[in-house]
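Below is one structure; the comments refer to it alone.
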Amino acid sequence: QVQLQESGPGLVKPSETLSLTCTVSGGSITNYYWSWIRQPPGKGLEWIGFIYYSGNTIYNPSLESRVTLSVDTSNNKFSLKFYSVTDTDTAVYYCARSGSFTGSFDSWGQGILVTVSS
Amino acid sequence: DIQMTQSPSSLSASVGDRVTITCRASQGITNDLGWYQQKPGKAPKRLIYAASSLQSGVPSRFSGSGSGTEFTLTISSLQPEDFATYFCLQHNSYPRTFGGGTKVEIK
């Protein structure tokens, strides 16, 4: 049973970069599509983007200018960098897996709350 | 972007009740829809994929139906462990988009 675990700082200052990592255990990162999703407090879910194990990416156009995803296949991890954050980027951030380019998310991490505040 | 409109946003129900939640897509998505259960502090769990296929290990009281623009999640007999938030996801096109969620509470 694959498990995903998000990690990173829980507090980021405005204008700085939010950096998170998702560690995949119980399965390989290869041959899957890996996404980041976020949920601001009291609001709905927003898909940020995905990265294939080969490094190919697709981003949500609404966030693309501030986001970079990367993958580390040797350590079964993938990462999110979110630049120039503001308080509206405060959210629970989830990582998730899809079995195919067209598939839904079959496994999720439990999420990590990141607060943007000075 | 495809907009997913989920209703109701919350509902109160009793153990044993039949519960129905609906998601409507702003354009046709064939059967590219999943349903998820979310509990506080836990990873969301996929219940239904391809609109009507039951995820392995999920109780048979959960079922999904629909295609095109209208989809339904039904819990045939609500159990205590089913009190949670449910949401839908369309995976027909990018960017992926979600329904707003339905919080199922104890009456």
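So the sequences go chain by chain: A and B.
Letter by letter, the first sequence follows residues 420 to 537 of my numbering.
Letter by letter, the second sequence follows residues 1390 to 1496 of my numbering.
Every residue, glycine too, gets a C-beta built ideally from N, C-alpha and C.
This one's a predicted model, so the numbers in the text were calculated from it and none came from an experiment.
### Task
Please go through the same chain and pick out, in chain order, the residues whose beta-carbon is closer than 7 Å to the beta-carbon of T505 (chain A), but skip the five residues on each side of it.
The beta carbon of T505 (chain A) is closer than 7 Å to those of P433 and V535 in its chain, skipping five residues each way along the sequence.
### Query
Does the beta-carbon of S517 (chain A) have 16 or more other beta-carbons within 10 angstroms, so that it is buried, or is it exposed?
It is buried - the Cβ of S517 (chain A) has at least 16 other Cβ atoms within 10 Å.
### Query
Any Cβ of chain A within less than 8 Å of the Cβ of A1432 (chain B)?
In terms of beta-carbon proximity, A1432 (chain B) lines the interface with chain A, with at least one pair separated by less than 8 Å.
### Query
I477 (chain A) versus chain B: which residues are under 9 Å apart at the beta carbon?
Residues of chain B passing the Cβ test: Y1483 and P1484.
#### Entry: Terminal residues of the beta strand (DSSP E) in which I1437 (chain B) lies
Boundaries of the beta strand (DSSP E) harbouring I1437 (chain B): K1434 to Y1438, taken from the DSSP string.
### Query
Taking three-plus beta-carbon pairs below 8 Å as touching, is the stretch 1411 to 1420 of chain B in contact with the stretch 1454 to 1464 of chain B?
Per the Cβ contact rule, the stretch 1411 to 1420 of chain B is in contact with the stretch 1454 to 1464 of chain B (3 or more Cβ pairs under 8 Å).
### Query
Can S489 (chain A) and F501 (chain A) be called in contact, C-beta distance under 8 Å?
If you check the CB distance, S489 (chain A) and F501 (chain A) do not come in under 8 Å.
### Contacts around Q1392 (chain B), its chain only, beta-carbon distance under 8 Å, and the 5 residues preceding and following it disregarded
So the qualifying residues of the chain are A1414, S1415 and T1486.
### Task
Indicate the three-state DSSP secondary structure (helix, strand or coil) for S503 (chain A) in the structure shown.
In the three-state reduction of the DSSP assignment, S503 (chain A) falls in the coil class, being assigned neither a helical nor a strand state.
### Query
Y1483 (chain B): beta carbon under 7 Å from a heavy atom of the ligand FMN?
The ligand FMN is absent from the structure shown, which contains no ligands of any kind.
### Task
May I have a chain-ordered list of the alpha helix (DSSP H) segments no shorter than 4 residues that lie completely inside the stretch 456 to 494 of chain A?
Fully enclosed alpha helix (DSSP H) runs of 4 or longer: not present.
### Query
How long is the line joining the alpha carbons of R1450 (chain B) and E435 (chain A), rounded to whole angstroms?
Near 47 Å, if we compare the C-alpha coordinates of E435 (chain A) and R1450 (chain B).
### Message
DSSP has S1452 (chain B) in a bridge; who is on the other side?
### Response
DSSP lists B:T1463 as partners of S1452 (chain B).
### Task
Round the Cβ separation of I531 (chain A) and L439 (chain A) to the nearest angstrom and send it over; I've been treating them as touching at under 8 Å.
That belief holds up - the Cβ atoms of I531 (chain A) and L439 (chain A) are roughly 7 Å apart, short of 8 Å.
#### Entry: Distance, Q1426 (chain B) Cα to L1436 (chain B) Cα
The straight-line gap from Cα to Cα measures roughly 7 Å.
### Message
For S526 (chain A), report the span of its beta strand (DSSP E) as first-last.
### Response
Start and end: F524 to W527.
### Query
Mind pulling the chain B residues with CB within less than 7 Å of L464 (chain A)?
Neighbours of L464 (chain A) in chain B, taken as residues at a C-beta separation under 7 Å, are given in chain order as F1476 and F1487.
### Query
Do we get a CB-CB distance below 8 Å when we pair G474 (chain A) with the residues of chain B?
Not flagged as an interface residue toward chain B: G474 (chain A), since no C-beta distance is shorter than 8 Å.
### Task
Tell me whether E1494 (chain B) sits in a helix, a strand or coil according to DSSP, three-state version.
The answer is strand: DSSP assigns E1494 (chain B) an E or B state.
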